[in-house]
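A.B. asks:
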Amino acid sequence: MHTVWVRLNGVVFFGLTVLLCLSCLAAISKIGHTSSHAPVIEKLELKSLRSLKSHGGVDRALLSFDLKADMTPAFHWNIKQLFVYVVASYESTKNRNNQIVIWDKIVESIHPEDMMIELENVFVKYALVDQGDELRGKDVKLQLMWDHMPITGLLYMGEQPLSEASSFTLPTEYQ
Amino acid sequence: MIKDIIDKQVFELKKLWANKRQLTFQVLNLAMIVFSALMIWKGLMFVTKSESPVVVVLSGSMEPAFQRGDILFLNNAKHQVFVGDVVVFKIKDRDIPIVHRILKVHTDADSGEVELLTKGDNNRVDDRGLYAPGQLWLKREDILGKAVGTLRYVGMVTIALNDYPVLKYVLVGMMGLFVLTNKEG
Chain A
0 MHTVWVRLNG VVFFGLTVLL CLSCLAAISK IGHTSSHAPV IEKLELKSLR
50 SLKSHGGVDR ALLSFDLKAD MTPAFHWNIK QLFVYVVASY ESTKNRNNQI
100 VIWDKIVESI HPEDMMIELE NVFVKYALVD QGDELRGKDV KLQLMWDHMP
150 ITGLLYMGEQ PLSEASSFTL PTEYQ
Chain W
0 MIKDIIDKQV FELKKLWANK RQLTFQVLNL AMIVFSALMI WKGLMFVTKS
50 ESPVVVVLSG SMEPAFQRGD ILFLNNAKHQ VFVGDVVVFK IKDRDIPIVH
100 RILKVHTDAD SGEVELLTKG DNNRVDDRGL YAPGQLWLKR EDILGKAVGT
150 LRYVGMVTIA LNDYPVLKYV LVGMMGLFVL TNKEG
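In structure tokens form, the structure reads like this:
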């Protein structure tokens with residue numbers, strides 16, 4: 000049987016198979032990239048605490064921080080963008096662990112000028128809000144993390160080593 | 000031209016109907032394809048522990064990372080979730096699951112249960128407005144899975160099929176016809 004339909008079916012099916020194979024090859028081509036190419040985080044630390052208040056029954060802290068990091072090494076040909084974010088984490092009596100994103104940024108591969116992040120005294124995008132009223136006097140750790148978003152293939156995370164993360168202590172009184 | 004093709008297919012079907020042995024073979028062939036697809040789907044459900052291991056992105060709220068028509072592979076086998084994970088969650092009384100990123104994780108000291116807040120990368124505000132009225136946090140059980148992989152454009156077919164239901168019958172009908180009339184020897 001060599002009708003037009005059989006041929007068309009064959010061509011479409013073969014085309015799709017080739018595309019799928021190429022996608023898989025693209026996805027596995029950069030496995031292990033992170034082990035030799037790590038972003039360089041020179042600085043991530045609190046600049047100033049703007050306020051620490053009780054806001055509608057829960058504690059809320061507003062702050063600014065300095066960040067200097069070169070994300071260029073994380074990029075390769077199958078990365079569409081990095082989602083870079085700053086996580087504040089602390090312990091409280093109610094919660095064993097609180098993790099809050101206070102700032103984030105999408106760095107796209109088509110904008111290489113964004114890959115070098117250099118920010119001074121930048122204000123948080125999302126306030127540091129507790130579930131209760133336990134922020135006063137807490138040790139808060141700031142850590143930079145990033146998520147690799149591929150054109151096709153697997154998503155994977157990266158983070159600043161905990162040993163290099165900076166921390167600060169919030170005041171014991173509202174201010 | 001098209002009439003020729005249709006005539007040919009009708010002729011093939013009539014011939015097939017006359018040959019019961021061949022008909023049985025082709026029907027079994029069709030059944031095998033359908034059940035293989037079903038087995039792969041159920042197998043994925045078992046491995047990923049997710050009720051929906053593959054989802055299609057329907058909105059632009061995660062652009063530019065995920066666009067309408069991309070498909071995501073989910074994994075729900077790992078219980079612990081972290082801040083920054085892209086997860087698919089379901090809101091009570093709403094059919095369509097949402098793909099967004101976790102913004103906050105509070106782990107309770109006694110029970111170890113988590114309360115989560117999510118946000119779409121491309122949205123200006125967090126998802127509290129999308130949750131059920133009065134709901135402030137998501138629980139672990141609301142989450143269908145974490146996105147672990149992506150493949151572009153494949154979901155466009157699904158979106159087209161949903162937008163034009165007629166297409167569904169045309170496509171399935173054509174595929175069935177092909178399998179029935181297409182013989183190897």
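Just so you know, the protein sequences line up as chains A and W, in that order. First residue of the first sequence: 0, per numbering that gives the first Met the number 0; consecutive thereafter. First residue of the second sequence: 0, per numbering that gives the first Met the number 0; consecutive thereafter. For each residue, glycine too, the CB sits at the ideal point set by N, CA and C.
I'd like to confirm the pairing. Which residues does DSSP put opposite H54 (chain A) in its beta bridges?
C.D. replies: In the DSSP output, where bridge partners are listed per residue, H54 (chain A) has A:V57.
A.B. asks: Would you list the one or two residues that DSSP bridges to W145 (chain A)?
C.D. replies: DSSP lists A:V83 and A:G157 as partners of W145 (chain A).
A.B. asks: According to DSSP, is Q198 (chain W) part of a helix, a strand, or is it coil?
C.D. replies: This structure gives no information on residue 198 (chain W), because the portion of chain W shown stretches from 0 to 184.
A.B. asks: Can a CB atom of chain W be found closer than 9 Å to the CB of M115 (chain A)?
C.D. replies: By this cut-off, M115 (chain A) is not an interface position.
A.B. asks: With a cut-off of 8 Å on the beta carbons, I'd call L143 (chain A) and V85 (chain A) a contact; round off their distance for me.
C.D. replies: Sure, about 6 Å apart at Cβ, within 8 Å.
A.B. asks: Could you run through the segment 134-156 of chain W and flag, in chain order, every residue whose CB is less than 8 Å away from some CB of chain A?
C.D. replies: The residues in question are A146, V147, G148, T149, L150 and R151.
A.B. asks: Do the segment 91-111 of chain W and the segment 5-21 of chain W meet, that is, are 3 or more Cβ pairs less than 8 Å apart?
C.D. replies: No, the segment 91-111 of chain W is not in contact with the segment 5-21 of chain W.
A.B. asks: With burial defined as no fewer than 16 other Cβ atoms inside 10 Å of the residue's Cβ, what is the status of W16 (chain W): buried or exposed?
C.D. replies: Looking at its Cβ environment, which holds fewer than 16 other Cβ atoms inside 10 Å, W16 (chain W) is exposed.
A.B. asks: Among W:R67, W:F88 and W:R20, which has the Cα closest to the Cα of M155 (chain W)?
C.D. replies: Residue W:R67 is the option with its Cα nearest to M155 (chain W).
A.B. asks: Quick check on A37 (chain A) - is its C-beta less than 9 Å from some C-beta in chain W?
C.D. replies: A37 (chain A) does not count as touching chain W.
A.B. asks: Are there 16 or more other CB atoms within 10 angstroms of the CB of G172 (chain W), so buried, or fewer, so exposed?
C.D. replies: That one is exposed.
A.B. asks: Quick check on K103 (chain W) - is its C-beta less than 9 Å from some C-beta in chain A?
C.D. replies: Yes, K103 (chain W) counts as interfacial toward chain A.
A.B. asks: By the three-class DSSP mapping on this structure, what secondary structure does E44 (chain A) have?
C.D. replies: Correct three-state label for E44 (chain A): strand.
A.B. asks: For I39 (chain W) and chain A, any beta-carbon pair shorter than 9 Å?
C.D. replies: Not closer than 9 Å to any Cβ of chain A, the Cβ of I39 (chain W) fails to qualify, so no.
A.B. asks: What is the DSSP secondary structure of I30 (chain A), reduced to helix, strand or coil?
C.D. replies: Note: I30 (chain A) maps to coil in three-state DSSP.
A.B. asks: Is G14 (chain A) helix, strand or coil by DSSP?
C.D. replies: Residue state, collapsed to three classes: helix.
A.B. asks: Please name the residue or residues paired with Q98 (chain A) in a DSSP beta bridge.
C.D. replies: Answer is A:S88 and W:V104, bridged to Q98 (chain A).
A.B. asks: What number of angstroms, rounded off, separates the C-alpha of G184 (chain W) from the C-alpha of F12 (chain A)?
C.D. replies: Interpretation of G184 (chain W) is limited by its pLDDT of 39, a score under 50 that renders its predicted location unreliable; no figure is taken from the coordinates.
A.B. asks: Taking a cut of 8 Å between CB atoms, which residues from the segment 43-67 of chain A lie near chain W?
C.D. replies: Listed by position, the residues of the segment 43-67 of chain A near chain W (Cβ gap below 8 Å) amount to none.
A.B. asks: Would the beta-carbon of S165 (chain A) fall within 9 Å of that of E44 (chain A)?
C.D. replies: Their beta carbons are under 9 Å apart, which means S165 (chain A) touches E44 (chain A) by this criterion.
A.B. asks: Residues of chain A with a CB under 7 Å from the CB of T106 (chain W): which are they?
C.D. replies: Per Cβ cutoff of 7 Å: N94, R95 and N96.
A.B. asks: Applying the criterion that 16 or more other CB atoms from any shown protein chain within 10 Å of the CB defines a buried residue, is W76 (chain A) buried or exposed?
C.D. replies: By the neighbour-count rule (16 or more Cβ atoms within 10 Å), W76 (chain A) is not buried but exposed.
A.B. asks: According to DSSP, what are the bridge partners of K72 (chain W)?
C.D. replies: Checking the displayed sequence, the identity of residue 72 (chain W) turns out to be Phe instead of Lys. Paired residue(s): W:V53 and W:G148.
A.B. asks: Could you check whether the Cβ of G14 (chain A) sits closer than 9 Å to any Cβ belonging to chain W?
C.D. replies: No - not a single Cβ of chain W is within 9 Å of the one on G14 (chain A).
A.B. asks: Rounded to the nearest angstrom, what separates G111 (chain W) and S88 (chain A) at their Cα positions?
C.D. replies: G111 (chain W) and S88 (chain A): Cα-Cα distance of roughly 16 Å.
A.B. asks: Pull up the CB-CB distance for H105 (chain W) and N97 (chain A), whole angstroms please, since I reckon it's below 8 Å.
C.D. replies: About 5 Å separates the two Cβ atoms, so the contact holds.
A.B. asks: Which stretch, first to last residue, makes up the alpha helix (DSSP H) that contains L118 (chain A)?
C.D. replies: Taken as a continuous stretch (DSSP letters only), L118 (chain A) belongs to no alpha helix (DSSP H), being part of the beta strand (DSSP E) at M115 to F122.
A.B. asks: Taking DSSP's pairing of strands, which residues face L127 (chain A) in a bridge?
C.D. replies: Bridge partners of L127 (chain A): A:A60.
A.B. asks: Tell me F167 (chain A)'s beta-bridge partners as DSSP assigns them.
C.D. replies: Per DSSP, A:V139.
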